[in-house]
Amino acid sequence: MARDHALSSRFNAGDITKIRNIAIIAHIDHGKSTLADRMLELCGAVEARDMRAQYLDSMDIERERGITIKLQSVTLSYKGHQINIIDTPGHVDFGYEVSRSLAACEGVVLVVDAAQGIEAQTLANMYLALDNNLEVVAALNKIDLPAADPDRYAQEIEHVLAIPADDVLRISAKTGEGVPELLDAVLERIPHPSGDPDAPLQALIFDSHFDTYRGVVSSIRVMNGVMRTGDRLRFMQAGSTHLADEIGIRTPANLPVDELGPGDVGYLVAGIKDVREARSGETITEASRPAAEALEGYREPQPMVFAGLYPVDGDDYESFRDALDKLRLDDGSFTFEPETSTALGFGFRCGFLGLLHMEIIRERLEREFDLNLIATSPSVKYRITLNTGAELVVDNPSDLPPSGDWTRIEEPYLKASMITPKAYTGTLMELCQSRRGQLQRMDYLSPERLELVYNLPLAEVVIDFFDQLKSRSQGYASLDYEPIDYEPGDLVRVDILFNGEQVDAFSTIVHRDSSYDYGRRTAEKLREIIPRQQFEVPIQAAIGGRIIARETVKAYRKDVTAKLYGGDVTRKNKLLKKQKEGKKKMKSIGRVEIPPDTFIRALRLDD
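Numbering (numbering that gives the first Met the number 0), first residue to last: 0 to 606.
Okay, structure coming up:
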């Protein structure tokens, strides 16, 4: 309680020079969350008996996978200063969480693995920090590992990031070695925030989540003015007005306070039921004395990968729609709209930031809302120029018009940056060339490691590119990417037909050069999965009206001659002929039965 009182009274002191706002950024698995744990311990924010690994990661899925998915903020007291820390995700799919965090900070702690050195996301996050004009404190983590080589990688940081090697701190987030010195460096090197407490209130929402009992809980950073409990607040972009029921700080437990001043980071509960009124990037001001203009806010994240999600049981459709609405409150970066499939029934076309994001959303829907879902093959957004000159955007392959109705199709491209030991350069270049990549540059970061930069079609990256990259480099290469532009391509839609009927869930858009191979592999895979019917089932892959591959699921054959014990052979032939005619009739009127798990097995991303 003494610690809470000290922090609470600190907010009424109003000494902005004693505040430091930082985000911890790094490549995935370089130790951000572990470092946050040690900072919590060192500052006495969590009792030793209550401490656990990844303390700030609140979701079960984060703990199981060992990754951070949602940013988390916490306020710590250290040597008479208040340090507001934001722990950010490391995976490229959650880069939007990092960019949002940086808008609430004056500096960052850049963590680099002392056994691996600079990785792709290290560079990406560093550039984000520089774009936001933030002060950077660099630290080499995991110096307790036998493979650690901090001196070598400090030189690499100096060479690549222009941070003097002598300024790079050596720490072990696991043992706590060097963490006090890191916090001292934060106090010395990171500037305190600026802001006018007498100006009209301007506060930025940088994250929100939905609480069943309290409504929307928003993470906020006050830029100017003072926010007090009980104030009538105006949300400038949404145009709505709400009462500040509770404001407070996270220590990491929620601690209500009377007011938040310039530079303070905390949370706000205002009885909001619709998260669209409290989106990330929203500016909050006082209703009675509003600010003249809103803060800059954020660009909305643009989905890159699209897939259909369908409930296995059609009766779950309403529950599924409610679940999507609720999850959208917690993660505003995915989109969804209703769609119908002849094979799968009613579902939703969802947009995601990447494949990991898609997996996380699907897993959360199944866990948190007790649903059983089928996901169709992932696709990207294509631009089509019709014969009339009009432009059409398609994210579902089955919506692509017939080839005679359009003159041009364009696909999105990425700028992909790969950092790898030089021994794997050849095999990674071969991988990129096989995915229609265009080499942009190759830079040596050190004599042993280099950066490869390729322009790649997004459609070639979303399925298994990352898995192949790790496999071919024995796990040493890392990947970061960002969208660049659309380029025209020789693309076709491959349809899958069962007994002459198209199954839209299996349609996909691929490059013409790989279309035959894709059609053959898909038909072979489905032949193994589809159960045998009472009649023969042809599985065909087609481009337009042209069949490019075929496999056949053989029919069950009942032994109709079992009851014959000898006699004239013509009796046997007569029975077989009758059976053949019956199967032919069934084939002409019978629909192929496709069990729901067929789609799950056929569309598994890791196959």
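Idealized CB from N, CA, C, for every residue including glycine. Computed from a predicted structure; not experimentally measured.
Practice task
Excluding the 5 residues preceding and the 5 following ALA146 in the sequence, name in chain order all residues of the same chain whose CB lies nearer than 7 Å to its CB.
Solution key: Result list for ALA146: ALA114, in chain order.
Exercise for the section: Please state whether DSSP places GLY432 in a helix, a strand or coil. Expected result: The sequence shown places Gln at residue 432, rather than the Gly named in the question. It is helical.
Practice task
Excluding the 5 residues preceding and the 5 following LYS31 in the sequence, name in chain order all residues of the same chain whose CB lies nearer than 8 Å to its CB.
Solution key: Excluding residues up to 5 positions away in sequence, ILE23, ILE24, ALA25, THR67, ASP86, THR87, GLY89, VAL110 lie with their Cβ nearer than 8 Å to the Cβ of LYS31 in the same chain.
Practice task
Specify the secondary structure class of SER318 as computed by DSSP and reduced to three states.
Solution key: Helix.
Practice task
Go through its chain and collect everything with a Cβ distance to LEU259's Cβ below 6 Å, but skip five positions before and after it.
Solution key: Cβ within range, chain order: VAL221, MET226, ILE246, GLY265.
Practice task
Keeping to the same chain, check which residues put their C-beta closer than 7 Å to that of THR426; ignore five residues upstream and five downstream.
Solution key: If you ignore the 5 residues before and after THR426, its C-beta comes within less than 7 Å of the C-beta of ARG471, all in its own chain and listed in chain order.
Practice task
Count the other CB atoms, across all protein chains shown, that sit within 10 Å of the CB of ALA153; report buried if there are 16 or more and exposed otherwise.
Solution key: Around the Cβ of ALA153, a 10 Å sphere holds 16 or more other Cβ atoms; the residue is buried.
Exercise for the section: For the alpha helix (DSSP H) containing HIS158, list its first residue and its last residue. Expected result: Per DSSP, HIS158 belongs to the alpha helix (DSSP H) from 149-160.
Exercise for the section: Evaluate THR387 with the Cβ neighbour count: other Cβ atoms within 10 Å of its Cβ, from every protein chain shown; 16 or more gives buried, anything less gives exposed. Expected result: Burial call: exposed.
Practice task
Locate the alpha helix (DSSP H) running through ASN20, then write down its first and last residues.
Solution key: Note, ASN20: premise wrong, no alpha helix (DSSP H); beta strand (DSSP E) at 18-25.
Practice task
Any chance you could list the beta strand (DSSP E) runs of at least 3 consecutive residues sitting entirely within the segment 230-314, in chain order?
Solution key: If only complete runs of 3 or more residues are kept, the segment 230-314 shows the beta strand (DSSP E) at 231-234, 239-242, 245-249, 253-256, 264-268, 282-285, 304-310, in order along the chain.
Problem - Assigned exposure category for ASP230 - 16 Cβ within 10 Å defines buried - result: Burial check for ASP230: the Cβ neighbour count within 10 Å reaches 16 or more, so the residue is buried.
Problem - Spatial distance of LEU294 from ASP489 (CA atoms) - result: The straight-line gap separating the alpha-carbon atoms of LEU294 and ASP489 is approximately 44 Å.
Exercise for the section: Would you check if the distance between the CB atom of THR375 and the CB atom of GLY331 is smaller than 7 Å? Expected result: No; because the gap between Cβ atoms is not below 7 Å, this pair is not in contact.
Practice task
Decide if THR121 is buried, meaning its Cβ has at least 16 other Cβ atoms within 10 Å, or exposed.
Solution key: Under the 10 Å beta carbon count, THR121 is surrounded by 16 or more other beta carbons and is classified as buried.
Handout entry: Stretch pair the segment 482-501 + the segment 416-425: three plus CB contacts closer than 8 Å
Key = With a cut-off of 8 Å, the segment 416-425 and the segment 482-501 do not count as touching, because too few Cβ pairs lie within range.
Handout entry: GLN467, enclosing alpha helix (DSSP H) - first and last residue
Key = Where GLN467 is concerned, the enclosing alpha helix (DSSP H) stretches over 464-471.
Practice task
Consult DSSP for GLY214 and reduce its assignment to one of helix, strand or coil.
Solution key: Strand, per DSSP.
Handout entry: Residues sharing a beta bridge with ILE408, DSSP
Key = DSSP lists ILE383 as the bridge partner or partners of ILE408.
Exercise for the section: Would you give the residue range spanned by the alpha helix (DSSP H) that LEU34 belongs to? Expected result: Residue range 31-41 is occupied by the alpha helix (DSSP H) that includes LEU34.
Exercise for the section: Would you please state the rounded distance, in angstroms, between the beta carbons of VAL135 and VAL167? I believe it to be under 8 Å. Expected result: That pair is no contact at about 10 Å.
Exercise for the section: Would you identify the three-state DSSP class for LEU182, choosing helix, strand or coil? Expected result: Helix.
Problem - Cβ-based neighbour list, SER477, same chain, cut-off 6 Å, excluding 5 preceding and 5 following - result: For SER477, where only same-chain residues beyond five positions count, the Cβ hits under 6 Å are GLU118, ALA119, ILE418.
Problem - Any chain D beta carbon closer than 7 Å to LYS141 - result: Chain labels in this structure do not include chain D; a single protein chain is all it has.
Exercise for the section: Identify the continuous alpha helix (DSSP H) that holds GLU459 and give its terminal residues. Expected result: Boundaries of the alpha helix (DSSP H) around GLU459: 457-460.
Practice task
Out of VAL45, ASP484, ALA202, state which residue places its alpha-carbon closest to the alpha-carbon of ILE219.
Solution key: Just measuring C-alpha positions, the residue of VAL45, ASP484, ALA202 sitting nearest ILE219 is ALA202.
Exercise for the section: With a 10 Å radius around its C-beta and 16 neighbouring C-beta atoms as the bar for buried, classify PRO530 as buried or exposed. Expected result: Residue burial annotation: PRO530 is exposed, with fewer than 16 other C-beta atoms found within 10 angstroms of its C-beta.
Problem - Residue range of the alpha helix (DSSP H) that includes GLU523 - result: 511-528 is the span of the alpha helix (DSSP H), which, as asked, contains GLU523.
Problem - Cβ neighbours of GLY175 in the same chain (closer than 6 Å, five flanking residues each side left out) - result: The beta carbon of GLY175 sits closer than 6 Å to those of ARG37, all from its chain and outside the five residues before and after it, given in chain order.
Problem - Beta-carbon proximity check, PRO261 vs ILE483, cutoff 7 Å - result: Not a contact, by the Cβ cut-off of 7 Å.
Problem - Which residues DSSP lists as bridging PHE205, in chain order - result: Its beta-bridge partners do not exist; DSSP assigns none.
Practice task
Ignore the nearest five residues each way along the sequence and tell me which others in ILE82's own chain have a CB closer than 6 Å to its CB.
Solution key: Cβ within range, chain order: ARG19, LEU75.
Practice task
Can you tell me which of the three DSSP states PRO396 falls into?
Solution key: Look at PRO396 here: in three-state DSSP terms it is helix.
Practice task
Identify which residue in ARG448, LEU455, LEU451 has its Cα closest to the Cα of SER433.
Solution key: Taking only the C-alpha atoms, the option nearest SER433 is LEU455.
Problem - Contacts around LYS17, its chain only, beta-carbon distance under 8 Å, and the 5 residues preceding and following it disregarded - result: Here the set comprises ARG9, GLY79, HIS80, GLN81, HIS191.
Handout entry: Residues near VAL159 in its chain [Cβ-Cβ closer than 6 Å; skip 5 each side]
Key = Annotation for VAL159: ILE117, LEU444 place their beta carbon closer than 6 Å to its own, counting only its chain and skipping 5 residues before and after.
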